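Notes to accompany the following structure.
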Amino acid sequence: MADPRDRRSNHPGPALEAAHLQVGIPPEDSTQIAELARLAAPGPVFAAFQLVTALLLLSAASSSFQAGPGLLKALARHTNRQGDTVGILPPALGRTNTHHTPYWGVALFIALACAVTAAAGGNDQELVLFYAVSVFLSFLAGLLSMALFSHRDGRRGYLIMNLAGAAVVAFTLIANLSRGLPIISLAAALIIAAILYVAWVSSGRPRGIRNVEAEAEEMSG
Numbered sequence: 035m036a037d038p039r040d041r042r043s044n045h046p047g048p049a050l051e052a053a054h055l056q057v058g059i060p061p062e063d064s065t066q067i068a069e070l071a072r073l074a075a076p077g078p079v080f081a082a083f084q085l086v087t088a089l090l091l092l093s094a095a096s097s098s099f100q101a102g103p104g105l106l107k108a109l110a111r112h113t114n115r116q117g118d119t120v121g122i123l124p125p126a127l128g129r130t131n132t133h134h135t136p137y138w139g140v141a142l143f144i145a146l147a148c149a150v151t152a153a154a155g156g157n158d159q160e161l162v163l164f165y166a167v168s169v170f171l172s173f174l175a176g177l178l179s180m181a182l183f184s185h186r187d188g189r190r191g192y193l194i195m196n197l198a199g200a201a202v203v204a205f206t207l208i209a210n211l212s213r214g215l216p217i218i219s220l221a222a223a224l225i226i227a228a229i230l231y232v233a234w235v236s237s238g239r240p241r242g243i244r245n246v247e248a249e250a251e252e253m254s255g
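Quick note: the sequence shown, position 64, residue 98 per my numbering, numbers continuous.
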């Protein structure tokens with residue numbers, strides 16, 4: 035069972051407002067933001083707040099089910115317009131229906147999502163701990179990549195900005211990892227990276243991996 039203190043807000047504004055209104059630690063089936071909204075707004079407004087929150091979470095899930103299978107589709111082995119075989123994953127992951135949806139990739143992500151949710155016992159607070167590490171790890175990788183490109187292009191201003199952002203994200207990532215269990219997310223990311231690297235080597239180190247996503251979109255367009 036997650037520590038009830040984990041449901042406190044990480045943002046100072048709502049936390050100060052909750053302290054002023056004496057909201058306290060929320061019950062097991064709620065969050066501090068929800069309790070703050072329940073106290074500060076009348077019933078219909080609170081219901082609307084909950085509905086909007088649910089729609090936002092649904093939109094976030096929808097974007098994940100677009101990006102994840104789309105990446106698998108881009109990395110699936112296929113022949114580009116130049117006749118070269120590119121991609122490192124099984125071709126089945128690149129198969130799409132008439133709406134260009136990679137259905138095997140979607141099915142795989144559904145299975146993984148169900149497995150992770152079941153492992154966490156459906157406790158969203160436990161899932162958030164692992165999700166935060168994955169998100170900030172992605173941000174850190176992106177910022178370091180942009181810093182490298184800025185260095186190669188000789189753009190010192192962009193380099194400083196990207197390194198500063200990477201430092202902030204790295205601090206947040208370390209703070210999340212210090213909780214202990216979220217280290218599993220870091221380990222999972224490293225394992226996935228290792229699997230993709232092995233798949234790349236096994237496929238003969240095909241060139242053009244950086245362009246496969248754009249090519250996949252062109253082929254489905």
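C-beta: ideal position from N, C-alpha, C; glycine also.
Given the structure is predicted, the values throughout are model-derived calculations rather than measurements.
Practice task
Indicate whether the contact test is met: 3 or more Cβ pairs, each with one atom in the stretch 160-174 and one in the stretch 203-214, closer than 8 Å.
Solution key: yes
Practice task
Could you tell me the distance, in whole angstroms, from the CA atom of R72 to the CA atom of Q84?
Solution key: 10 Å
Problem - Contained alpha helix (DSSP H) runs [length at least 4] in the stretch 64-152, N- to C-terminal order - result: 66-74, 77-109
Handout entry: In chain order, each alpha helix (DSSP H) run of at least 4 residues that lies wholly inside the stretch 210-247
Key = 217-236
Practice task
Can you tell me which of the three DSSP states L169 falls into?
Solution key: Before going on, a small fix: residue 169 reads as Val here, not Leu. Note: V169 maps to helix in three-state DSSP.
Practice task
Run the CB neighbour count on A181, radius 10 Å, all protein chains shown included, and call it buried at 16 or more, exposed below.
Solution key: buried
Handout entry: Nonlocal neighbours in the same chain, by C-beta distance under 7 Å from A110, ignoring five residues either side
Key = G121, L123, P124, P125, L127, G128
Practice task
From the DSSP output, in three-state form, read off Q159 for me.
Solution key: helix
Practice task
Please list, in chain order, all residues of the same chain as L215 whose beta carbon is under 7 Å from its beta carbon, the five residues on each side excluded.
Solution key: L163
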